[in-house]
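So in the numbering used here, spot 29 of the sequence shown is number 31, and the numbers just go up one at a time.
C-beta atoms are modelled at their ideal positions from N, C-alpha and C, and glycine is treated no differently.
Data block below; observations after.
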Amino acid sequence: MAHIARTGVSVSLELVVIIVFAAVLFGVATGWFLAMRGVAEVRAERDRRENDFKAAISDLAAAEARAEEVPVLRDQIDALRDERDVARLQLTELRAKAEGFEARLAEFKDAREAMAGQFREVAGTMLTETQEAFLRRAEDRFKQSEQAAGHSLKALMQPMEATLKRYEEGLTRIEKERQGTYGELREAVAQLAQGNAGVVREAQRLANVMRASPKARGRWGEEQLRTILESAGLSENVDFSLQTSVNDGEKNLRPDCVVNLPGGRCIVIDVKNVWVAFEAAFEEEDEVRRAELLKQHAAAMQSTANELGRKGYWRQFDQSPDFVIMFVPGEHVLAAAAERAPELIETAFRNGVIIASTINTLALAKIMAGMWRQEKIAEEAGKIGALGKELYSRIATMGDHVSRLGRNLAQATGAYNSFVGSLESQVLTQARRFEQLNVETSGKAIESPPMIDTAVRPLTKLNTAAELTDAGEESGD
């Protein structure tokens, strides 16, 4: 810096000398120029030169002023040297401190790595234990819920399954009976056709037997009636009885047959073989005589019906309708009488007697047997109704249990979600800070347990047990 200051001073002095020398040269040149020019031009030139000289003097004064500043610059240079020395001392001290700091930093790094390793081991162990405990608790909870739900559903379904099985068995039995009824009807129609064709043959064959004895005709008629009733599906001494004795207060009456009906009711059937005049007319070759005999046959049929009506068999039985059935074996016997006396059947009906031939009696027997079957079906239907009511009540109870099970599942799901939320916000958040601290995690990331957002589907078509029971009672009524 001192060398620079001395160089600056010498340059300033040389500059002053150069300026003075230039001014002298300029004056000489000016004089010479003035001599060569006119006075006016010389003066003008002189003035211009004087101005230039004054400017040069000013520059010279400025240079002298700058030269006077040199000592000040020297003082500043000395001060800068002192500051440089102080800075060198401070730099040396700072370098020493930096070396100490580097040593302490290395020690701190070693300690931090040791602490990080220990902390990583502890955190990994705690996290693994927490996850395993959580998974065990969740698995145990779900197993308990599944077992409870399975036992509950099984307990609910067992009585309903048994009831449905009984219900199905009842329906199957009724269906079989219905099919059997239709089969019996078809069979009865076929038997009726066969019987109708065989009536004529049997009449011819039995004519000789019945011609000899009225008792034989009566027994034959009773056997015909028994056969008809049994072919219709009725059983003797169960559904009907023969030769039942009753007393009207004056004498004993013995109708040939009493058929029992559902509800304690009954129908009286009496067999009448009006045969003598019809047989004679059948053998008569004279048409006029045959016509007279057939009229006698019709009158005998009417007289027999009137006598049967006067007996009033139905009055001896409390639950009997106010008529009695007069069974006439042989379609041709009744047809011959009805042909000669068209009012025969109507007159007998007004007297409480229904005259029935073999075909009509078979039809009536089928109707009575059908009444018993309908009674049995009605009884079975009542049992099925009671069974259905019981099933309805059990379904209602099952609906309550299922609804309660759904609520419990919803509560379990809510508790699980709350637990997962607490684990996510309070445990896993702190655990994940190890990753931010660059703690070695063995390459395993912490996964968040899944939330269960599936809602339990409510039972919208099952009301409460009380409502279902009331509805079942209303439907049963």
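C-alpha distance - residue i paired with residue j, whole-angstrom precision
i: Lys56; j: Ala64; result: 12 Å
i: Glu289; j: Leu295; result: 10 Å
i: Trp222; j: Glu333; result: 15 Å
i: Gly197; j: Leu231; result: 14 Å
i: Phe351; j: Arg168; result: 48 Å
i: Thr165; j: Val404; result: 18 Å
i: Val88; j: Leu82; result: 10 Å
i: Val260; j: Val330; result: 16 Å
i: Thr496; j: Ala105; result: Because the chain is modelled from 3 through 479, residue 496 falls outside the range shown and cannot be assessed.
i: Gly390; j: Glu382; result: 12 Å
i: Gly266; j: Trp374; result: 11 Å
i: Val273; j: Thr360; result: 11 Å
i: Gly416; j: Gln181; result: 57 Å
i: Glu309; j: Arg256; result: 14 Å
i: Gly40; j: Asp54; result: Summary for Gly40: the model assigns pLDDT 49, below 50, so the residue's position carries little reliability; its value from the coordinates is reported in the next sentence. Distance between the alpha carbons of Gly40 and Asp54: 21 Å.
i: Ala108; j: Arg114; result: 10 Å
i: Arg312; j: Val191; result: 35 Å
i: Thr174; j: Gly408; result: 36 Å
i: Val248; j: Leu393; result: 49 Å
i: Asp49; j: Asp77; result: 43 Å
i: Glu52; j: Ser60; result: 12 Å
i: Asp112; j: Gln120; result: 13 Å
i: Asn362; j: Glu170; result: 38 Å
i: Ala414; j: Lys145; result: 12 Å
i: Arg138; j: Asn419; result: 16 Å
i: Gln304; j: Gly387; result: 50 Å
i: Asn410; j: Asp142; result: 16 Å
i: Thr130; j: Ala412; result: 29 Å
i: Gln432; j: Gln438; result: 10 Å
i: Arg291; j: Glu341; result: 16 Å
i: Arg90; j: Asp84; result: 10 Å
i: Ala116; j: Leu430; result: 24 Å
Minimum C-alpha distance to residue i - residue among the options
i: Pro161; options: Ile397, Ala81, Glu171; result: Ile397
i: Glu377; options: Leu425, Ser420, Pro264, Leu366; result: Pro264
i: Glu186; options: Ala380, Leu389, Glu281, Leu364; result: Leu364
i: Leu425; options: Gly408, Leu411, Pro452; result: Pro452
i: Asn353; options: Glu131, Asp142, Asp324; result: Asp324
i: Ser233; options: Ala371, Gly387, Thr174, Arg143; result: Ala371
i: Gln428; options: Arg406, Thr132, Arg138; result: Thr132
i: Leu366; options: Lys217, Arg90, Leu194, Arg312; result: Leu194
i: Glu225; options: Ile271, Arg86, Thr130; result: Ile271
i: Asn239; options: Glu52, Ser247, Asn262; result: Asn262
i: Gln298; options: Val276, Glu141, Ala218; result: Val276
i: Phe421; options: Gly200, Ala135, Arg76; result: Ala135
The beta strand (DSSP E) enclosing residue i, as first and last residue numbers
i: Asp511; result: For the chain, the structure presents residues 3 to 479; residue 511 sits outside this window and is missing.
i: Asn262; result: 259-262
i: Ala339; result: It is not in any beta strand (DSSP E) - Ala339 instead sits in the alpha helix (DSSP H) that spans 333-342.
i: Ala358; result: 355-358
i: Phe280; result: Note, Phe280: premise wrong, no beta strand (DSSP E); alpha helix (DSSP H) at 278-285.
i: Ser247; result: It is not in any beta strand (DSSP E) - Ser247 carries neither H nor E in the DSSP assignment.
i: Phe319; result: Neither: Phe319 is in no beta strand (DSSP E) and is coded neither H nor E.
i: Val240; result: Looking at the DSSP string, Val240 is not in any beta strand (DSSP E), and its letter there is neither H nor E.
i: Val330; result: Neither: Val330 is in no beta strand (DSSP E) and is coded neither H nor E.
Supposed contact pair residue j and residue i - C-beta distance, whole angstroms, cut 8 Å
i: Ile379; j: Glu179; result: 7 Å
i: Ala307; j: Ile327; result: In fact, because the Cβ distance is near 11 Å, the residues do not count as touching under 8 Å.
i: Lys385; j: Gly172; result: 7 Å
i: Leu236; j: Asp258; result: At roughly 15 Å, the Cβ-Cβ gap does not stay under 8 Å, so Leu236 and Asp258 are not in contact.
i: Ser322; j: Ile269; result: 6 Å
i: Ala339; j: Ala300; result: 4 Å
Limits of the unbroken alpha helix (DSSP H) element including residue i
i: Leu296; result: 289-313
i: Val429; result: Premise fails: Val429 is in no alpha helix (DSSP H) and is neither H nor E.
i: Phe351; result: 346-352
- Contact the region 273-287 vs the region 238-250: 3+ CB pairs below 8 Å: No, because fewer than three Cβ pairs between the region 273-287 and the region 238-250 fall closer than 8 Å, the two stretches do not touch.
**Prompt:** Would you say the region 398-414 touches the region 171-190, given that touching needs at least three Cβ pairs under 8 Å?
**Reply:** The answer is no - the region 171-190 does not touch the region 398-414, with fewer than three Cβ pairs under 8 Å.
Stretch pair the region 266-283 + the region 320-339: three plus CB contacts closer than 8 Å | Using a Cβ-Cβ distance cut-off of 8 Å, the region 266-283 and the region 320-339 are in contact, since at least three pairs of beta carbons, one from each stretch, lie closer than that value.
- Message: Counting beta carbon pairs with one atom in the region 314-321 and one in the region 339-352, are three or more of them shorter than 8 Å?
- Response: Because the criterion of three Cβ pairs below 8 Å is not met, the region 339-352 and the region 314-321 do not touch.
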